[in-house]
Amino acid sequence: MSQIPSQLVEQLPAVQLLLTLLAAPICSMFRNGDLSWRIATVASWASVACAFALLHQVWGGGSISYEMGGWPPPWGIEVVIDELTAIVLLLVTLFGALVMTALRKSLSSIMRHQRQSLYYTTFLLCMASLIGITITGDAFNVLVFLEISSLATYTLIARGRDRRALTAAFRYLIMGTIGATFILIAIGFMYMLTGTLNMADLSERLPEHYDNKVLHASFAFFTIGIALKVAMFPLHYWLPNAYTYSPKATTAFLAATATKVSLYVMIRFIFDVYGVEFAFGQMQLGTLLVPLSIAGILVASLTAVFQDDAKRLLAWSSVAQLGYMALGMALLNANGLTSAVTHMFNHAMMKAGLFLALATMIYRTQSSSLAALSGIGRTMPWTTGAFAILGIGLIGVPFTAGFVSKWYLVSGALDKDWLPVAILLIISSLMAIAYIGKMLDVMYFKPAPAEFADIKEGPKSMLIPCWIFALLTIYFGIDTRLTAGLAGRVASNLLGAS
Amino acid sequence: MLVATVFAIVKLDHLMTAVMLMGFFSLLSSCIFMILDAVDVAFTEAAVGAGASTIFILAALAIVGRTSKKKRREKTIVPLIIVTCTGAMLLYATLDMPYFGTPDAPVHTHVAPRYLLESGEEVGPPNIVTSVLASYRGYDTFGEAGVVFTAFIGVMILLGAGTRKSGLEREAPPNVKVESMRQKIVLREVADLLIAPVLVFALYVQWHGDFGPGGGFQAGVIFASAIILYALIYGIVPAQKILPPRKLAYFPGIGLLLYALVGVVAMFKGGNFLAYGALMADPHDGQHYGILAIELGIGITVAAVMINIFFSLSERSL
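In order, the protein sequence lines correspond to chains A and B. Take any residue in the first sequence, count from 1 to its spot, add 1: that is its number in this note's numbering. Take any residue in the second sequence, count from 1 to its spot, add 88: that is its number in this note's numbering.
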């Protein structure tokens, strides 16, 4: 009997994926939406436990490799889990599970039971494929799961109540398909040069081809393709509409995970597969990425200030925040990378919380325009309270998670003696104060419109996840061992690999 | 010819013709795959591209109408620049590519030798494509089955599964046209002649994937196209009498679960996920039955997805 636990531990990487991926077809077979929701919730929380177990195993700098099908890499497909993988896994599963818990109430008003179980199926598929992308150590395998996640995301967005959700999803579909095709071309080119698809093997075999034009083209295609998926400025075109029109709590999940996992893929490929020297030295990625991400931060923050729909405002803020992560990566020093990885986690947490709190308000008001939300601080004090904490976190006030990542980013810029960049970052934070402040001002100090004067507090199943997000934001603002501590080790690893 | 076809498709206003040409395009590309010796791919492209997807688009056209509206001209300069850059990038890359068919290109010297030389020993099937697809990279194929399943769920959600009555439950429309395709004697005879052999051929492709080109994906599509042909000729209602859509909707999930189950059983027997060798005492037998089982899973998923999508599209135009 004592062998079973140790065997289970060995199989954890596969279990991590299978929990959600197998729950999906099972969910699709039930017509009873509540039952499917129970299965989906149990599966996603079990997968959180699994992610914690994996994180525990690699904590401190370990790494696990698991051979799918029992074939050694590069012949078979390998699953690799290191600290960076584990933190992204935790991000996807934990925030996914929290949103899943709140999803039932949120959907109950817009969908019938039968549809609901299909919707949970899609949600689980999306989560499973993001896990698949994260854990794989094989370049082509990334693409396979990327396809699942893209298809699932388009479906999730298109099910919005509004017809405009369809155009938003279609636009995302076109952009996403172009992105995926470009990534496919890039991987095909790499395979042509090296004859392997395994990431570790690729990174060993690519350096001798650094002068090869095929590799240059491959790198260009990859960068543009993944930047489309990350929604990096100026390729963010699809994001605001997709977030605005996607239904209810789903936005929280998408905002937290989809772009973050793409960003993870970008970091993996650029640092581990192509190599830092090639990407930033030879191909000059930095000279492209730094100005673009700064422009992205400023333009998107400014656009956010002038929105009068709360969802759209937060979506624009996401574009800006992705700029922070891209900048952190492009700074190419320990502090910068630490901030990129930390902010990936922190921003996922805060944005998911904000969108979820917003979904709770919309559950009562049926509208996300700022006019409908005015005065909501008095009618729904708890929801608005969570929203306020998360918003303050997003600005980056000390003792919240947002402060930690911005602190590292500014120190990263100062390490490089880029004083103007640091100043621009602080200006962008002022803009964040402007747009978050605008929302809080409306919520607390404007009188509520008559029709919403006596709405009740949100349902508990949505309120509790909101508050978990809010409390985590404060917790990770004080205890940074899990986020910045781990990110620091990851950063020195990534830079040291070059 | 490919290029000419594409230009024709873009320029045409008449959607029906454009769809026909797209089918032609797929047939052409499957010929190219054939010449490149990728028989399995050619197979799939012919069945999916030229067959099933053309019918799906036609079914969609039946709902939305067959001509496109004239649109105002939009700015075309930015897309033109992007397309030119992409093309230039691709051409730039070809400068350093290994020549076509060079035996010492890296593709042929790194992982391929083991696939070619040892797969017979390690995995078993004489068709190397099958052993790479189903065993060495079985995890990828599992993902692909997941892609098909996801597409199915997406279509079901968006087309409103479960909210409409299927053809069976619906009352026959009063002014139904007596003149259906059933009355066209040539069509009916040809279809009668074809459907049974096509079904048998699908089963052959399914079980013979070990030895020749074929496998679950191809067999599923071929099987589905036979059913779709039946539905086209005899009408959707008789087809749904044979395969009730409510039950059919379970099968994509069942296929995927079957695939995963093989992997999970292997895990309980002490191997890794999808390590078929662990399934039985003799690893060869394990590989053999494992591959057969997962191919069956794929076949079920693909066929059920295709038929389901066809049914739900044509239900809307009823």
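Yeah, the Cβ is synthetic: ideal placement off N, Cα and C, and Gly gets one too. Note that the structure is predicted; figures quoted are calculated from it, not measured.
Limits of the unbroken beta strand (DSSP E) element including residue i
i: B:Val-220; result: Unbroken run through B:Val-220: none, as it is neither H nor E.
Residues that residue i bridges to, as DSSP identifies them
i: A:Ile-65; result: A:Ile-82
i: B:Asn-215; result: According to DSSP, B:Asn-215 bridges with nothing at all.
i: B:Asn-360; result: BP columns for B:Asn-360 are empty, so no partner.
i: A:Asp-442; result: According to DSSP, A:Asp-442 bridges with nothing at all.
i: A:Ser-370; result: A:Asp-310
i: A:Thr-137; result: A:Val-80
Residue i burial status per 10 Å Cβ neighbour count (16 or more: buried)
i: A:Asn-33; result: exposed
i: A:Glu-205; result: exposed
i: A:Lys-352; result: buried
i: A:Leu-473; result: buried
i: B:Gly-358; result: exposed
i: A:Gln-17; result: buried
i: A:Arg-1; result: For chain A, the structure presents residues 2 to 499; residue 1 of chain A sits outside this window and is missing.
i: B:Met-244; result: buried
i: B:Ile-395; result: buried
i: B:Thr-105; result: exposed
i: B:Val-264; result: Because B:Val-264 carries a pLDDT of 46, less than 50, the predicted location of this residue cannot be relied on, and no value is offered for it.
i: B:Cys-173; result: exposed
i: B:Ile-123; result: exposed
i: A:Ile-78; result: buried
i: B:Tyr-338; result: exposed
i: A:Thr-135; result: buried
i: B:Leu-344; result: buried
Opening and closing residue of the alpha helix (DSSP H) in which residue i lies
i: B:Phe-339; result: 339-356
i: A:Phe-413; result: Reading off the sequence shown, one finds Gly at residue 413 of chain A, where the question assumed Phe. A:Gly-413 -> alpha helix (DSSP H) spans 402-416.
i: B:Gln-294; result: 273-295
i: A:Pro-248; result: Careful: A:Pro-248 lies outside any alpha helix (DSSP H) and carries neither H nor E.
i: A:Lys-447; result: Neither: A:Lys-447 is in no alpha helix (DSSP H) and is coded neither H nor E.
i: A:Tyr-173; result: 165-195
i: A:Asp-202; result: 200-206
i: A:Asp-35; result: 34-59
i: B:Asp-128; result: 127-132
i: A:Ile-479; result: 461-479
i: B:Thr-238; result: 226-247
i: A:Arg-482; result: Premise fails: A:Arg-482 is in no alpha helix (DSSP H) and is neither H nor E.
i: B:Met-177; result: 165-182
i: A:Ile-456; result: Note, A:Ile-456: premise wrong, no alpha helix (DSSP H); not H, not E.
i: A:Gln-285; result: Element bounds for A:Gln-285: n/a, residue is neither H nor E.
i: B:Pro-333; result: 333-336
i: B:Ile-310; result: 304-322
i: A:Pro-382; result: 382-396
Presumed contact (8 Å Cβ cut-off) between residue i and residue j, rounded CB distance
i: A:Leu-374; j: A:Thr-366; result: 6 Å
i: A:Gly-282; j: A:Thr-401; result: So it is not a contact: roughly 37 Å between Cβ atoms.
i: A:Phe-190; j: B:Ala-126; result: 19 Å between Cβ atoms; not a contact.
i: A:Pro-208; j: B:Gly-341; result: About 45 Å; that fails the 8 Å criterion.
i: A:Ala-187; j: B:Met-177; result: Contact doesn't hold; Cβ gap of about 11 Å is too wide.
i: B:Leu-115; j: B:Met-89; result: Rounded, the Cβ-Cβ distance is 10 Å, inconsistent with contact.
i: A:Gly-484; j: A:Tyr-409; result: Note that residue 484 of chain A is Thr in the sequence shown here, rather than Gly. Rounded, the Cβ-Cβ distance is 10 Å, inconsistent with contact.
i: A:Ile-184; j: A:Ile-227; result: 6 Å
i: B:Thr-218; j: A:Ala-153; result: In fact, because the Cβ distance is near 29 Å, the residues do not count as touching under 8 Å.
i: A:Leu-240; j: A:Ala-316; result: 6 Å
i: A:Ala-301; j: A:Gly-324; result: 7 Å
i: A:Leu-108; j: A:Ala-87; result: With 8 Å as the limit, A:Leu-108 and A:Ala-87 do not qualify as a contact, their Cβ atoms being about 31 Å apart.
i: A:Ile-434; j: A:Ile-390; result: A:Ile-434 to A:Ile-390, Cβ: 15 Å. No contact.
Any non-hydrogen atom of the ligand MG within 8 Å of residue i CB
i: A:Leu-157; result: Within the structure as shown, the ligand MG is missing, as the structure has no ligands at all.
Under 8 Å (Cβ pairs) to chain A, residues found in the region 209-226 of chain B: Listed by position, the residues of the region 209-226 of chain B near chain A (Cβ gap below 8 Å) are Ser-223, Tyr-224, Arg-225 and Gly-226.
In chain order, what residues of the region 225-242 of chain B put their CB closer than 7 Å to some CB of chain A? For chain A, the residues of the region 225-242 of chain B that bring a beta carbon within less than 7 Å of one of its beta carbons are Arg-225, Gly-226, Tyr-227, Asp-228, Gly-231, Glu-232, Gly-234, Val-235, Phe-237, Thr-238, Ala-239, Ile-241 and Gly-242, in chain order.
Closer than 7 Å, Cβ to Cβ, to anything on chain B: give me those residues from the region 175-193 of chain A, in chain order. Result list: Phe-190, Tyr-192 and Met-193.
To be precise: take each residue of the region 132-147 of chain A, compare its Cβ to all Cβ atoms of chain B, and keep it if any distance is under 7 Å. Which residues remain? Flagged, chain order: Gly-133, Phe-141, Asn-142, Val-145 and Phe-146.
Looking at chain B, which residues of the region 70-90 of chain A have a Cβ within less than 7 Å of any of its Cβ atoms? If the cut-off is 7 Å between Cβ atoms, the region 70-90 of chain A has Gly-70, Gly-71, Trp-72, Pro-75, Trp-76, Gly-77 and Ile-78 near chain B.
For the region 222-234 of chain A, which residues have a beta carbon sitting closer than 8 Å to at least one beta carbon of chain B? Per Cβ criterion, the list reads Phe-222.
Looking at chain A, which residues of the region 367-379 of chain B have a Cβ within less than 7 Å of any of its Cβ atoms? Answer set for the region 367-379 of chain B: empty.
Between the region 276-296 of chain B and chain A, which residues of the former have a C-beta closer than 9 Å to a C-beta of the latter? Residues: none.
Positions along the region 296-311 of chain A whose CB lies within less than 8 Å of some CB in chain B: For the region 296-311 of chain A, which is checked against every Cβ of chain B, not one residue is closer than 8 Å.
Going along the chain, which residues of the region 202-219 of chain A sit with their C-beta nearer than 9 Å to a C-beta in chain B? Residues of the region 202-219 of chain A with a C-beta less than 9 Å from any C-beta of chain B: Asp-202, Arg-206, His-210, Asp-212, Asn-213, Lys-214, Val-215, Leu-216, His-217, Ala-218 and Ser-219, listed in chain order.
Going along the region 311-333 of chain B in order, which residues come within less than 9 Å of chain A, judged by CB to CB distance? Residues of the region 311-333 of chain B with a C-beta atom less than 9 Å from some C-beta of chain A do not occur.
If you measure beta-carbon to beta-carbon, which residues of the region 17-41 of chain A are closer than 9 Å to chain B? Taking a C-beta cut-off of 9 Å against chain B, the contacting residues of the region 17-41 of chain A are Leu-18, Leu-19, Leu-22, Leu-23, Ala-25, Pro-26, Ile-27, Cys-28, Ser-29, Met-30 and Arg-32, listed in chain order.
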